[in-house]
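A.B. asks:
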Ligand code: HEM
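Numbering (the numbering used here), first residue to last: -19 to 386.
Have a look at this one:
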């Protein structure tokens, strides 16, 4: 059986319960070929996925040192060629090192007060709602956009303008083929970001200290041009792109998981210090990103299969995070789980650079929820999910913040 038969979005069984399909793959086909020629394989066991993430010879670029021809030569191509997720060493190593101070402990300490403010204000807004409200629209989408805007020093009212162009830009940031029309739109979106973020960066010059994430990157830019202006802008936009959808999904999943597991909500209410562990468990149990791609940097054997150099490896993060070979009772949502080394942020050289910020957000949110919204209930027990293979998320989560009895 090929991987496509296990992972068919057209199959209602898969759409209803994809974790069973992942389990079947782990048990019977841990290296599943997508096409008969084997140019693409799906890897689903924790140990294999982790090993590939940590192997410095595996690539994110399909061909070593080459960029896809169809990205062209415009602003979109410049974006692609400077984006952390699209780069292999040595360029990735250099840019990643320069970007890292943005989420160092000093920056995190500086961010805490405004991240807390944004989350508290939005929780209070929910707490004031009588009746039903869609958590995705009124919190899940709003909070990550406000945080990303504040991180970049963009006015929060511009969030919709910034977000609107992301799908067009994203087309040039993946390795999927793009049409000439999509490239034109990607170039226009990229140029918008160069101008918009460029203006913000210029207006902030000399006003930010090294404890500010943007200030830390500007310092690297100003000190002898270690980071070019284009690199600085692409890195900052990359923070927005990488954080928005993942954080929205994680926050929505957190609320869904806790409301469908009242025993876990009670544990959290009784001991708010469980908040960091609860956030990790949400990320393991409902990984916001189900698959990440790598390309084999050399020929190797895996479970008796020969993987040729250049093979596209679809690494199943959500599957790995439910692998019974690694986690006890992996399908159980347990906020007191110990040794929860999930792969939701992956591992190795591309490990999510924003993980410390995400953990800060999770800590603040999950301490607050049981205190400020103790009676919140789900009003639709079967929320709709997207059919996307990679980014699986709820598109709506109807809740009654004050409880159903009101
Ligand atoms: C729950 C929230 C988040 C999740 C689940 C998440 C997950 C991920 C994943 C799966 C990757 C790909 C890593 C790889 O290819 O190996 C990644 C990369 C990245 N993330 Fe996150 N992320 C989250 C939040 C954030 C935040 C808040 C930021 C920044 C504000 C951020 C910035 C980035 C960046 C810049 C990369 C590219 C790193 C590189 O390629 O070196 N992420 N993240």
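Positions of the beta carbon are idealized from the N, C-alpha and C atoms, including for glycine.
What does the Cβ neighbour count give for residue -14, buried or exposed, with the cut at 16 atoms within 10 Å?
C.D. replies: The residue is buried, with at least 16 neighbouring Cβ atoms inside 10 Å.
A.B. asks: Quick one: is residue 189 buried, meaning 16 or more other Cβ sit within 10 Å of its Cβ, or exposed?
C.D. replies: Burial call: exposed.
A.B. asks: Measuring straight from C-alpha to C-alpha, what distance separates residue 374 and residue 114?
C.D. replies: Residue 374 and residue 114: Cα-Cα distance of roughly 11 Å.
A.B. asks: Any idea what DSSP makes of residue 369, helix, strand or coil?
C.D. replies: The answer is coil: DSSP assigns residue 369 none of H, G, I, E or B.
A.B. asks: Grouping DSSP H, G and I as helix and E and B as strand, with all else coil, what is residue 291?
C.D. replies: Of the three classes helix, strand and coil, the one that applies to residue 291 here is coil, per DSSP.
A.B. asks: Looking only at its chain, what residues have a beta carbon closer than 8 Å to the beta carbon of residue 360, apart from the 5 residues adjacent to it on each side?
C.D. replies: Result list for residue 360: 376, 377, 378, in chain order.
A.B. asks: Could you check if residue 330 belongs to the surroundings of the ligand NAP, using beta carbon to heavy atom distance under 7 Å?
C.D. replies: In the structure on display, the ligand NAP does not appear, and the ligands it does have are the ligand HEM.
A.B. asks: Under three-state DSSP, which class holds residue 388?
C.D. replies: The displayed coordinates of the chain run from -19 to 386. Any statement about residue 388 would go beyond what the structure contains.
A.B. asks: Distance check for residue 60 and residue 176, CA to CA, integer angstroms please.
C.D. replies: Taking the straight line from one Cα to the other gives about 18 Å.
A.B. asks: If you draw a straight line from the C-alpha of residue 386 to the C-alpha of residue 111, how long is it?
C.D. replies: Per-residue confidence for residue 386 stands at a pLDDT of 48, beneath the threshold of 50, marking its modelled position as unreliable; the derived number appears in the next sentence. For residue 386 and residue 111, the distance between alpha carbons rounds to 7 Å.
A.B. asks: In terms of DSSP beta bridges, what is residue 114 paired with?
C.D. replies: Answer by DSSP bridge pairing, in chain order: 378.
A.B. asks: Go ahead and label residue -7 buried or exposed: buried means 16 or more other beta carbons lie within 10 angstroms of its beta carbon, across all protein chains shown.
C.D. replies: The residue is exposed, with fewer than 16 neighbouring Cβ atoms inside 10 Å.
A.B. asks: Find the nearest neighbour of residue 57 within the set 119, 162, 33, judged by alpha-carbon distance.
C.D. replies: Residue 57 has its Cα closest to that of 162, out of 119, 162, 33.
A.B. asks: Check residue 393 in the structure and name its three-state DSSP category.
C.D. replies: Any property of residue 393 remains undetermined from this structure, which presents the chain solely from -19 to 386.
A.B. asks: For the region 219 to 237 against the region 117 to 132, do three or more pairs of beta-carbon atoms, one drawn from each stretch, fall closer than 8 Å, so that the two count as touching?
C.D. replies: As far as the Cβ criterion goes, the region 219 to 237 touches the region 117 to 132, which means the pair count is three or higher.
A.B. asks: What three-state label does DSSP hand residue 11 in the structure shown?
C.D. replies: If DSSP states are grouped into helix, strand and coil, residue 11 belongs with the strands.
A.B. asks: Could you round the C-beta distance between residue 98 and residue 116 to whole angstroms and report it? I think they count as a contact, below 8 Å.
C.D. replies: At roughly 17 Å, the Cβ-Cβ gap does not stay under 8 Å, so residue 98 and residue 116 are not in contact.
A.B. asks: Cβ of residue 180 within 8 Å of Cβ of residue 132?
C.D. replies: Taking 8 Å as the Cβ cut-off, residue 180 and residue 132 qualify as a contacting pair.
A.B. asks: Is the separation between the beta-carbon of residue 346 and that of residue 259 shorter than 8 Å?
C.D. replies: Yes, they are a contact pair.
A.B. asks: For residue 275, does the three-state DSSP call read helix, strand or coil?
C.D. replies: Correct three-state label for residue 275: strand.
A.B. asks: Within 10 Å of its beta-carbon, does residue 66 have 16 or more other beta-carbons around it, so buried, or fewer, so exposed?
C.D. replies: Buried: at least 16 other Cβ atoms inside 10 Å.
A.B. asks: Where does residue 282 fall in DSSP's three states?
C.D. replies: In this structure, residue 282 counts as strand in the three-state DSSP scheme.
A.B. asks: Have a look at residue 371 and residue 142 and give me their C-alpha separation to the nearest angstrom.
C.D. replies: Distance between the alpha carbons of residue 371 and residue 142: 20 Å.
A.B. asks: Sort 364, 242, 327, 250 by Cα distance to residue 357 and report the nearest one.
C.D. replies: Nearest C-alpha to residue 357: 242.
A.B. asks: At the level of alpha carbons, what is the spacing between residue 178 and residue 209?
C.D. replies: Whole-angstrom Cα-Cα distance: 8 Å.
A.B. asks: Whether or not the region 281 to 297 and the region 339 to 355 are in contact is what I'm after, with contact meaning three or more pairs of Cβ atoms, one per stretch, closer than 8 Å; do they touch?
C.D. replies: Touching, no.
A.B. asks: Are the CB atoms of residue 39 and residue 275 nearer to each other than 8 Å?
C.D. replies: Yes, they are a contact pair.
A.B. asks: Taking the alpha-carbon positions, what's the residue 85 to residue -12 distance?
C.D. replies: One C-alpha to the other measures close to 42 Å.
A.B. asks: With a floor of 4 residues, list each alpha helix (DSSP H) that falls wholly inside the region 197 to 261, ordered by position along the chain.
C.D. replies: Listed in chain order, they are 209 to 240, 242 to 250.
A.B. asks: From residue 107 to residue 36, what distance separates their C-alpha atoms?
C.D. replies: Spanning the two alpha carbons is a distance of roughly 47 Å.
A.B. asks: What is the rounded straight-line gap between the Cα of residue 387 and the Cα of residue 69?
C.D. replies: Beyond the ends of the chain as shown, which are -19 and 386, falls residue 387; an answer cannot be given.
A.B. asks: With 8 Å set as the bound, which would you pick, yes or no: does the beta-carbon of residue 295 sit closer than that to a beta-carbon of chain D?
C.D. replies: The structure shown contains no chain D; it holds only a single protein chain.
A.B. asks: May I ask you to report which of helix, strand or coil DSSP gives residue 39?
C.D. replies: The answer is strand: DSSP assigns residue 39 an E or B state.
A.B. asks: Residue 470 by DSSP, collapsed to three states: which one?
C.D. replies: Not covered by the structure: residue 470. The range shown for the chain is -19 to 386.
A.B. asks: When the Cα of residue 63 is compared with those of 348, 195, 216, 164, which residue comes out closest?
C.D. replies: Residue 216 is the option with its Cα nearest to residue 63.
A.B. asks: Can you have a look at residue 2 and say buried or exposed, based on whether 16 or more other CB atoms are within 10 angstroms of its CB?
C.D. replies: Answer is buried; the Cβ neighbour count reaches 16.
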